[in-house]
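Here the numbering used here is used: the sequence shown runs in plain steps of one and ends on residue 1022.
The beta-carbon is built from N, C-alpha and C at its ideal position, and this holds for glycine as well.
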Amino acid sequence: MTISCEIIKDMLPLYLDGVCSNDSKVMVEEHLAECDSCKAELDAMKGEIFLSHKEQNLKEAETVKKLSRRWKKGMMKSLLKGVFITLLVILAIALVLYLFIDIRVIPKIY
């Protein structure tokens, strides 16, 4: 039973993903053993899948790097804001204690 190359080429993506039935898998493998054209088509598909995954991984890695840089920059800004606000609060408390409650770090000498 000869199967047309067009049918096999339609089946190649399913075969490559491993989602075709066992009978279809056997049929494709038998045809690939005899047909160099379809075998070359399968090899080309394997190469395309590998390249597309590699390109996608590179894009995702670049996105993660950008997010990491932005996150680190945001953390540093938040840390500096927190330190600045803390210093302002401490100064405000010290000023209130000094002016209104008359608590001094260095006592007055009379």
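{"Query": "Three-pair Cβ contact test at 8 Å for the segment 964-981 versus the segment 928-944", "Result": "no"}
{"Query": "Buried versus exposed call for C917 [16 or more other C-beta atoms within 10 Å across all chains shown]", "Result": "exposed"}
{"Query": "Option in L924, E974 and S933 with minimal Cα separation from C947", "Result": "L924"}
{"Query": "Alpha helix (DSSP H) runs contained entirely in the segment 928-954, provided each spans 4 or more residues", "Result": "934-946"}
{"Query": "Local conformation of I919 per DSSP, three classes", "Result": "helix"}
{"Query": "Three-way DSSP call (helix, strand, coil) for T914 in this model", "Result": "coil"}
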